Every structure is written in structure tokens, then in C-alpha cells.
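> Would you mind keeping the following structure in view while I ask a few things?
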Amino acid sequence: MGDLNTGLMIGGTFQLMSLGVAALGGASAPNYGLATIIGTFIAVRTGTGIDAAVGVGLPVGLLAIQLEVVVRIVNNFVAHKMQSDNNEGKWKNMNRIAWVGPLLCSLQTIIPTVIVVCFGANVVDFILDVIPQWVTDGLSIAAGMLPVVGIGMLMRYMPVKKFLPFILIGFILSAYLSMPVLGIAIVGFAAAFWYFTTEMKKAAEAEKAVAVTTVDEMGDDFDE
Numbered sequence: 159m160g161d162l163n164t165g166l167m168i169g170g171t172f173q174l175m176s177l178g179v180a181a182l183g184g185a186s187a188p189n190y191g192l193a194t195i196i197g198t199f200i201a202v203r204t205g206t207g208i209d210a211a212v213g214v215g216l217p218v219g220l221l222a223i224q225l226e227v228v229v230r231i232v233n234n235f236v237a238h239k240m241q242s243d244n245n246e247g248k249w250k251n252m253n254r255i256a257w258v259g260p261l262l263c264s265l266q267t268i269i270p271t272v273i274v275v276c277f278g279a280n281v282v283d284f285i286l287d288v289i290p291q292w293v294t295d296g297l298s299i300a301a302g303m304l305p306v307v308g309i310g311m312l313m314r315y316m317p318v319k320k321f322l323p324f325i326l327i328g329f330i331l332s333a334y335l336s337m338p339v340l341g342i343a344i345v346g347f348a349a350a351f352w353y354f355t356t357e358m359k360k361a362a363e364a365e366k367a368v369a370v371t372t373v374d375e376m377g378d379d380f381d382e
């Protein structure tokens, strides 16, 4: 929209909010990317500033959480339907259904953007207030269950037994010491770097030992 300074300031503000927050393992986090887009549009269009961008962007990001949960639930049925068609050899039907997932993922960003651009931020607040409490509670329960299922699926394919000490350290830092996610990530990076360098040294020493053994065997052959 031509205002580079405002865009950088608003983007940096939302980036600081999103540090250490990631939608991993099925977890739902506020859509800070969408919040940045909407906040920048409102701030530049109205000439207000960062405060207005944050005030408008955060409700949109919260609304995007609810849409994301709904999209994930629907996409779960879409994926099972595609798998069923694949097993039955219905390739054309599977290809048609394959477009539903990306379409829904696009709509969860397009819908809030169109609403805010066309009707203003007050409509977003109104929608959040109009949504029945039982719907909000149900989506909150689903959002709480998805991370557990997702993390369980991830751990199923990870070498948990091999890296169990690191998992326990991360759990203790989070549950008992209440360390922020960013701090745990830094500790995890340090542990991963230490493990990588240690394994590289072991591999280098093993290669050196193999080379020495090979040279000794060649020397014995020459002696014979």
C-alpha cells in the first residue's frame, strides 16, 4: 500500500508477539500472519497507527483460530474419504475431493480478510460476541484435544527411547520451572548442537580407527 515504514513497524510488533508460539502437533495458535495483514490494511487506510493495527488484528487472529479448528475437523473427513476412494480405485473422485482441503485452508484466510476490508473491524467483534457459548466451548475442547493427538502421532514416529533424557529435561523445564517456550527452544538447540558435535567426533574417530587398521593390514601383507 506504499507505506513501508508502517508495514515494517506493524509486522515487527506482531512478530514479537508470535515469538515462541507455533502451531505444532495440531496445536492452534492465533494467526499472526492474518492479523498483520489486516492490521496493516486498517492502519494505513485510516492513518491511525500501531495501536489500531493491534486492536483490529488480534480479534481477527482469534477468529482465525476458530475457523482453523473447523477446517481441520472437516479436512479429517476429507482425508479419510480420499483414502477410501484410493483403496477402491476411484481415482477421478479422489482427485475432485483433493481440491477441498486447499480450498478450505484458503477460505479460512480469505473470509476474515473480506469481512474486515468490506465491513470493518466492528463486524469481527460482533461475530465473536454472537457465536454461542456452546460452540466456543466445543471448539476450545477440540483445540485442546488436537495438540495431544498431534504430539502423540509425532512421538510415535520419533526415536523417543533414544532421546528420552532430553524429553524429560524439556518437560521439567516447562512443567516445574515454568520456563517460556523460547527459553526451552534455546536449551533444546544447545542440546542438539552438543549431540551433533559429539556424534561427528565419534564418526571421525571411527573412520580414523578404520583407516589405521587398514594401513596395518596392508603393512602385514607387505611383510609377508
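Just so you know, the numbering used here puts 164 at position 6 of the sequence shown, and the rest follows in order with no gaps.
Beta carbons: idealized from backbone N, C-alpha and C, even for Gly.
Note that the coordinates shown come from a computational prediction; the quantities given were computed from them, not determined experimentally.
1. Give me the Cβ distance between T171 and V214, rounded to the nearest whole Å; I'm assuming they're in contact under 8 Å.
2. By a C-beta neighbour count over all protein chains shown, 10 Å radius and 16 as the cutoff for buried, is N189 buried or exposed?
3. My understanding is that P270 touches L221, with C-beta atoms under 8 Å, so please give their C-beta distance in whole angstroms.
4. Whole angstroms are fine: how far does the CA of V202 sit from the CA of Y334?
5. With distances taken Cα to Cα, identify the nearest neighbour of G191 among I309, I223, V345, L262.
6. Given a cut-off of 9 Å, decide if N234 and D243 are closer than it, judged by their beta-carbon atoms.
7. Note down the Cα distance separating W352 from L312, rounded to an integer number of angstroms.
8. Are there 16 or more other CB atoms within 10 angstroms of the CB of A193, so buried, or fewer, so exposed?
9. Does DSSP put E187 in a helix, in a strand, or in coil?
10. Would you mind working out which of G165, S336, W257, Q173 sits nearest I108, comparing C-alpha positions?
11. From R254 to V236, what distance separates their C-alpha atoms?
12. I need the DSSP call for G205, collapsed to helix, strand or coil.
13. Between the alpha carbons of K366 and I268, how many angstroms are there, rounded?
14. Could you check the C-alpha separation between F277 and F354 for me, to the nearest Å?
From the atom records:
1. For this step, residue 171 is matched to residue 13 along the sequence shown. For this step, residue 214 is matched to residue 56 along the sequence shown. So it is not a contact: roughly 13 Å between Cβ atoms.
2. Here residue 189 is taken as the residue at index 31 of the sequence shown, counted from 1. A residue is called buried once 16 or more other Cβ atoms fall within 10 Å of its Cβ, and N189 is buried on that count.
3. Position 112 of the sequence shown, counted from the start, is the residue given in the question as residue 270. Position 63 of the sequence shown, counted from the start, is the residue given in the question as residue 221. About 6 Å separates the beta carbons of P270 and L221, which is inside the 8 Å limit, making them a contact pair.
4. Numbered from 1 along the sequence shown, position 176 holds the residue referred to as residue 334. Numbered from 1 along the sequence shown, position 44 holds the residue referred to as residue 202. Going from the Cα of Y334 to the Cα of V202 covers about 44 Å.
5. Position 33 of the sequence shown, counting from 1, holds the residue named residue 191. Among I309, I223, V345, L262, the Cα nearest to that of G191 is on I223.
6. Along the sequence shown, read from residue 1 onward, the residue named residue 243 stands at position 85. Along the sequence shown, read from residue 1 onward, the residue named residue 234 stands at position 76. Not closer than 9 Å, so no.
7. Here residue 352 refers to the residue found at position 194 when the sequence shown is read from its first residue. Here residue 312 refers to the residue found at position 154 when the sequence shown is read from its first residue. Straight-line measurement puts the Cα of L312 at about 23 Å from the Cα of W352.
8. For the purposes of this step, residue 193 is identified with residue 35 of the sequence shown, where counting begins at 1. Counting other Cβ atoms within 10 Å of its Cβ, A193 reaches 16 or more and is therefore classed as buried.
9. The residue you call residue 187 lines up with position 29 of the sequence shown. Correcting the residue identity first, residue 187 is Ala in this sequence and not Glu. In this structure, DSSP gives A187 a state outside helix and strand, which the three-state scheme calls coil.
10. In this structure the chain extends from 159 to 382, so residue 108 is not present and cannot be described.
11. Taking the sequence shown and counting its residues from 1, the one referred to as residue 254 is at position 96. Taking the sequence shown and counting its residues from 1, the one referred to as residue 236 is at position 78. If you draw a straight line from the Cα of R254 to the Cα of V236, it is about 11 Å long.
12. Taking the sequence shown and counting its residues from 1, the one referred to as residue 205 is at position 47. For G205, the three-state secondary structure derived from DSSP is coil.
13. The residue given as residue 366 occupies position 208 in the sequence shown. The residue given as residue 268 occupies position 110 in the sequence shown. Computed Cα separation, rounded: 58 Å.
14. Along the sequence shown, one-based indexing puts residue 277 at 119. Along the sequence shown, one-based indexing puts residue 354 at 196. Inter-residue distance for F277 and F354 is about 53 Å (C-alpha atoms, whole angstroms).
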